[in-house]
Amino acid sequence: MNLKEKYKKDIAIIMSKRHSNGGDLWATKEKNIGKGSPFSTKEVALMLVELGFKKNDLIIKDIANLIFEHLQSDGRFRIWDTGAIYPCHTIGCLRVLCYLGYSKDKRLTKTFEHLLNTQQEDGGWVCNKFSFGRGPETKHSNPGPTLEALDAFRFVDTATINHKRIKQ
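Start counting the sequence shown at 0; every next residue gets the next number (numbering that gives the first Met the number 0).
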């Protein structure tokens with residue numbers, strides 16, 4: 000039995016929440032793709048992949064297209080209309096698109112290069128959003144964005160992106 004058949008009821012529940020954030024594809028009506036945990040566009044995309052959906056499935060294509068709408072010319076992703084573009088948002092969108100099967104899509108070349116160019120001295124990545132203030136600990140990379148960035152890099156050969164190497 001394939002995954003989609005095995006988890007048919009779970010998929011139906013996920014699909015029933017497709018408009019629960021006010022827009023389509025688990026986004027808000029303003030197309031914010033990061034709001035509504037655990038049913039945000041980005042999180043649902045990963046759930047669907049885990050449940051057996053592939054790049055050629057229409058729902059995956061639609062989600063990927065929605066995420067690509069947020070891609071900026073410099074390679075970063077803006078997940079909502081206003082406010083800052085945080086590195087963790089760019090990293091999250093890139094990682095999701097990799098899992099959806101788009102890691103070799105030319106549109107992501109600048110995003111991978113951007114990550115290579117913004118890697119911190121300690122080898123990781125930082126989000127730059129400090130809801131609880133700044134302290135000595137905020138001078139270092141954050142584990143979440145770092146792990147997600149490294150996860151995204153698993154999908155590509157960095158030599159094909161840029162001649163830079165990930166810092167060891």
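From the three backbone atoms N, C-alpha and C, an ideal C-beta is built for every residue, glycine too.
Touching by the beta-carbon criterion (3+ pairs, under 8 angstroms), the segment 47-59 and the segment 80-92: No: the two stretches stay apart, fewer than three of their Cβ pairs being nearer than 8 angstroms.
Neighbour-count burial assignment, proline 144, 16 or more Cβ in a 10 Å radius: For the purposes of this step, residue 144 is identified with residue 145 of the sequence shown, where counting begins at 1. Flag for proline 144 reads buried.
Cutoff 7 angstroms: aspartate 104 Cβ touching any chain D Cβ: The chain labelled as chain D is not found in the depicted structure, where only one protein chain is given.
Segment contact flag, the segment 88-98 with the segment 108-124, C-beta cutoff 8 angstroms, min 3 pairs: yes
Whole-number beta carbon distance between lysine 54 and leucine 99, since they are thought to touch under 8 angstroms: Taking the sequence shown and counting its residues from 1, one reaches residue 99 at position 100. Taking the sequence shown and counting its residues from 1, one reaches residue 54 at position 55. Between lysine 54 and leucine 99 the Cβ distance is about 6 angstroms, and since that is below 8 angstroms, they are a contact.
Where leucine 70 sits in the DSSP three-state scheme: The residue given as residue 70 occupies position 71 in the sequence shown. If DSSP states are grouped into helix, strand and coil, leucine 70 belongs with the strands.
Residues of its chain near valine 43, where Cβ-Cβ distance is below 7 angstroms and the 5 sequence neighbours each way are ignored: Position 44 of the sequence shown, counted from the first residue, corresponds to residue 43. For valine 43, where only same-chain residues beyond five positions count, the Cβ hits under 7 angstroms are Ile13, Trp25.
Sequence-distant residues of its chain with Cβ nearer than 7 angstroms to alanine 170 (five each side left out): With the chain covering 0 to 167 only, the question about residue 170 has no answer from this structure.
Glycine 143 - DSSP class collapsed to helix/strand/coil: Working through the sequence shown from its first residue, we reach residue 143 at position 144. Residue state, collapsed to three classes: helix.
Beta-bridge partners of threonine 27, as assigned by DSSP: One-based indexing of the sequence shown puts residue 27 at position 28. Note: threonine 27 sits in a beta bridge opposite Gly21.
Closest by C-alpha distance to asparagine 20, when choosing among Phe38, Lys3, Glu4, Ala11: Within the sequence shown, residue 20 is the residue found at index 21, counting from 1. When only C-alpha atoms are compared, the closest one is Phe38.
Own chain residues within Cβ distance below 7 angstroms of lysine 163, not counting five before or after: Stepping through the sequence shown from its first residue, residue 163 is reached at position 164. Reliability fails at lysine 163, whose pLDDT of 49 lies under 50, so the model's placement of it is uncertain and the value that follows must be treated cautiously. Answer for lysine 163: Leu115, listed in chain order.
Reference aspartate 73, options Leu57, Met0, Lys109, Phe154, closest by Cα: Translated into positions along the sequence shown, residue 73 becomes position 74. Among Leu57, Met0, Lys109, Phe154, the Cα nearest to that of aspartate 73 belongs to Lys109.
In DSSP terms, what phenylalanine 76 is bridged to: Counting from one through the sequence shown, the residue named residue 76 turns up at place 77. Phenylalanine 76 pairs with Leu70.
Candidates Ile59, Ala11, Asp104, Leu45: closest to leucine 70 by CA position: Here residue 70 is taken as the residue at index 71 of the sequence shown, counted from 1. That would be Asp104, whose Cα lies nearest to the Cα of leucine 70.
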